[in-house]
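Numbering (my numbering), first residue to last: 821 to 983.
Even glycine gets a Cβ: it sits at the ideal position worked out from N, Cα and C.
Single-structure report; data block below.
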Amino acid sequence: MINRQSYLAAIMSLALGCVVTTANADGIFPEQALTNDELASLRGGFMLDNLEISIGLEQVVSVNGETLAINRLTIPNLNQMVSGQAIPHQMETVLGIISPGNSGQALISATAGDSGWMTLIQNNLDSTVIQNARQLNIELNNLGSGYRLPDVMREPVLQFLGQ
(Lines of atoms letter the chains of each structure in order from A; the text may use other names.)
(Lines give C-alpha, C1' and ligand atoms only; values in the text may rest on other atoms or scores of the structure.)
Protein backbone atom coordinates (compact mmCIF):
# COMPACT_ATOMS: atom_id res chain seq x y z
CA MET A 821 0.00 0.00 0.00
CA ILE A 822 2.83 2.35 0.88
CA ASN A 823 4.60 1.60 -2.39
CA ARG A 824 1.42 2.35 -4.34
CA GLN A 825 0.89 5.68 -2.52
CA SER A 826 4.47 6.79 -3.05
CA TYR A 827 4.24 5.73 -6.69
CA LEU A 828 1.04 7.80 -7.18
CA ALA A 829 2.59 10.79 -5.38
CA ALA A 830 5.62 10.64 -7.67
CA ILE A 831 3.42 10.54 -10.78
CA MET A 832 1.30 13.48 -9.53
CA SER A 833 4.33 15.63 -8.75
CA LEU A 834 5.84 14.80 -12.13
CA ALA A 835 2.59 15.68 -13.91
CA LEU A 836 2.30 18.99 -12.06
CA GLY A 837 5.93 19.83 -12.78
CA CYS A 838 5.47 19.27 -16.53
CA VAL A 839 2.74 21.87 -16.92
CA VAL A 840 4.01 24.35 -19.47
CA THR A 841 3.37 28.03 -18.98
CA THR A 842 4.33 30.85 -21.30
CA ALA A 843 6.75 33.46 -20.02
CA ASN A 844 6.02 37.12 -20.41
CA ALA A 845 9.35 38.68 -21.38
CA ASP A 846 7.88 42.18 -21.57
CA GLY A 847 7.10 42.14 -17.86
CA ILE A 848 10.66 41.14 -16.92
CA PHE A 849 12.63 43.36 -19.35
CA PRO A 850 10.62 46.53 -20.07
CA GLU A 851 13.47 48.22 -22.04
CA GLN A 852 13.94 47.91 -25.79
CA ALA A 853 16.66 45.62 -27.13
CA LEU A 854 19.95 47.33 -28.02
CA THR A 855 20.94 47.75 -31.65
CA ASN A 856 24.03 46.04 -33.04
CA ASP A 857 25.96 49.34 -33.04
CA GLU A 858 25.12 49.96 -29.38
CA LEU A 859 26.17 46.41 -28.47
CA ALA A 860 29.46 46.81 -30.38
CA SER A 861 30.29 49.96 -28.42
CA LEU A 862 29.65 48.22 -25.08
CA ARG A 863 31.68 45.05 -25.69
CA GLY A 864 35.00 44.35 -23.98
CA GLY A 865 38.26 45.99 -24.89
CA PHE A 866 39.51 49.53 -24.74
CA MET A 867 40.35 52.42 -27.01
CA LEU A 868 42.78 55.15 -26.07
CA ASP A 869 44.21 57.86 -28.28
CA ASN A 870 47.89 57.41 -29.12
CA LEU A 871 48.05 53.93 -27.60
CA GLU A 872 51.28 52.19 -28.59
CA ILE A 873 51.30 48.39 -28.73
CA SER A 874 54.73 46.79 -29.11
CA ILE A 875 55.01 43.05 -29.72
CA GLY A 876 58.16 40.99 -29.62
CA LEU A 877 58.83 37.29 -30.03
CA GLU A 878 62.05 35.91 -28.61
CA GLN A 879 63.57 32.45 -29.01
CA VAL A 880 66.41 31.47 -26.67
CA VAL A 881 68.45 28.30 -27.27
CA SER A 882 70.78 27.01 -24.59
CA VAL A 883 72.90 23.87 -24.43
CA ASN A 884 73.85 22.57 -20.98
CA GLY A 885 72.73 25.85 -19.40
CA GLU A 886 74.81 28.08 -21.68
CA THR A 887 72.80 30.46 -23.88
CA LEU A 888 74.00 30.01 -27.45
CA ALA A 889 71.43 31.77 -29.60
CA ILE A 890 68.84 34.48 -29.15
CA ASN A 891 66.47 35.30 -32.02
CA ARG A 892 64.23 38.36 -31.67
CA LEU A 893 61.39 39.68 -33.78
CA THR A 894 60.18 43.13 -32.70
CA ILE A 895 57.23 45.13 -33.98
CA PRO A 896 57.73 48.51 -32.28
CA ASN A 897 54.24 50.01 -32.71
CA LEU A 898 51.43 47.77 -33.90
CA ASN A 899 48.88 50.59 -33.68
CA GLN A 900 50.54 52.93 -36.16
CA MET A 901 48.79 53.55 -39.43
CA VAL A 902 50.40 51.91 -42.45
CA SER A 903 49.13 52.75 -45.93
CA GLY A 904 48.96 49.30 -47.51
CA GLN A 905 52.54 48.43 -46.58
CA ALA A 906 53.97 45.82 -44.27
CA ILE A 907 54.20 46.78 -40.61
CA PRO A 908 57.77 47.89 -39.84
CA HIS A 909 59.62 45.24 -37.85
CA GLN A 910 63.12 44.28 -36.80
CA MET A 911 64.73 40.84 -36.77
CA GLU A 912 68.03 40.14 -35.04
CA THR A 913 70.04 37.06 -34.22
CA VAL A 914 72.72 36.77 -31.54
CA LEU A 915 74.84 33.61 -31.78
CA GLY A 916 77.16 32.08 -29.24
CA ILE A 917 80.22 30.26 -30.50
CA ILE A 918 80.45 26.53 -29.96
CA SER A 919 84.09 25.74 -29.34
CA PRO A 920 85.79 23.15 -31.58
CA GLY A 921 86.35 20.94 -28.52
CA ASN A 922 82.63 20.19 -28.44
CA SER A 923 82.69 17.79 -31.37
CA GLY A 924 79.34 16.56 -32.52
CA GLN A 925 77.47 19.83 -31.93
CA ALA A 926 76.43 22.42 -34.46
CA LEU A 927 74.13 25.41 -34.13
CA ILE A 928 72.91 27.32 -37.15
CA SER A 929 70.48 30.21 -36.87
CA ALA A 930 69.48 32.39 -39.79
CA THR A 931 66.54 34.39 -41.02
CA ALA A 932 64.20 32.55 -43.36
CA GLY A 933 63.35 35.44 -45.64
CA ASP A 934 60.92 38.09 -44.43
CA SER A 935 58.67 35.58 -42.70
CA GLY A 936 60.79 34.47 -39.75
CA TRP A 937 63.89 32.62 -38.70
CA MET A 938 65.10 29.05 -38.59
CA THR A 939 67.29 27.50 -35.92
CA LEU A 940 68.92 24.11 -36.48
CA ILE A 941 70.55 22.35 -33.55
CA GLN A 942 72.56 19.22 -34.25
CA ASN A 943 73.69 17.09 -31.33
CA ASN A 944 75.55 13.80 -31.46
CA LEU A 945 76.58 13.68 -27.79
CA ASP A 946 74.80 11.83 -25.00
CA SER A 947 73.69 13.51 -21.75
CA THR A 948 73.39 16.96 -23.33
CA VAL A 949 70.50 19.19 -22.26
CA ILE A 950 69.12 21.38 -25.04
CA GLN A 951 66.57 24.02 -24.07
CA ASN A 952 64.52 25.97 -26.60
CA ALA A 953 62.32 28.64 -25.02
CA ARG A 954 59.99 31.07 -26.75
CA GLN A 955 58.68 34.18 -25.08
CA LEU A 956 56.01 36.58 -26.34
CA ASN A 957 56.45 40.14 -25.08
CA ILE A 958 53.57 42.61 -25.32
CA GLU A 959 54.10 46.16 -24.15
CA LEU A 960 51.42 48.82 -23.90
CA ASN A 961 52.74 52.38 -23.79
CA ASN A 962 50.91 55.61 -23.00
CA LEU A 963 48.74 53.98 -20.34
CA GLY A 964 50.39 55.78 -17.47
CA SER A 965 52.99 54.61 -14.98
CA GLY A 966 50.47 52.78 -12.78
CA TYR A 967 49.84 50.14 -15.44
CA ARG A 968 53.44 49.17 -16.23
CA LEU A 969 55.14 46.03 -15.00
CA PRO A 970 58.22 46.34 -12.81
CA ASP A 971 61.57 46.05 -14.59
CA VAL A 972 62.45 42.87 -12.69
CA MET A 973 59.69 40.97 -14.52
CA ARG A 974 60.87 41.80 -18.05
CA GLU A 975 63.37 39.02 -18.77
CA PRO A 976 62.69 36.09 -16.43
CA VAL A 977 63.32 33.50 -19.14
CA LEU A 978 66.81 34.79 -19.87
CA GLN A 979 67.63 34.82 -16.18
CA PHE A 980 66.34 31.24 -15.82
CA LEU A 981 68.31 29.89 -18.79
CA GLY A 982 71.53 31.55 -17.65
CA GLN A 983 71.62 29.46 -14.44
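Cutoff 8 angstroms: residue i Cβ touching any chain D Cβ
i	result
Val880	Among the chains of the structure shown, chain D does not appear; only one protein chain is present.
Outcome for residue i when other beta-carbon atoms lying within 10 angstroms are tallied against a minimum of 16
i	result
Asn884	exposed
Val881	buried
Leu854	exposed
Pro920	Reliability fails at Pro920, whose pLDDT of 48 lies under 50, so the model's placement of it is uncertain and no value is given.
Glu886	exposed
Asp857	exposed
In DSSP terms, what residue i is bridged to
i	result
Glu959	Ser874
Ala953	Val880
Beta-carbon separation (whole angstroms), residue i vs residue j, contact threshold 8 angstroms
i	j	result
Leu877	Leu945	With 8 angstroms as the limit, Leu877 and Leu945 do not qualify as a contact, their Cβ atoms being about 29 angstroms apart.
Ser874	Ile895	7 angstroms
Gln879	Thr948	Gln879 to Thr948, Cβ: 19 angstroms. No contact.
Leu960	Leu893	About 18 angstroms; that fails the 8 angstroms criterion.
Distance cut-off 7 angstroms: residue i Cβ against heavy atoms of the ligand SAH
i	result
Val881	Looking at this structure, you won't find the ligand SAH or any other ligand, since it has none at all.
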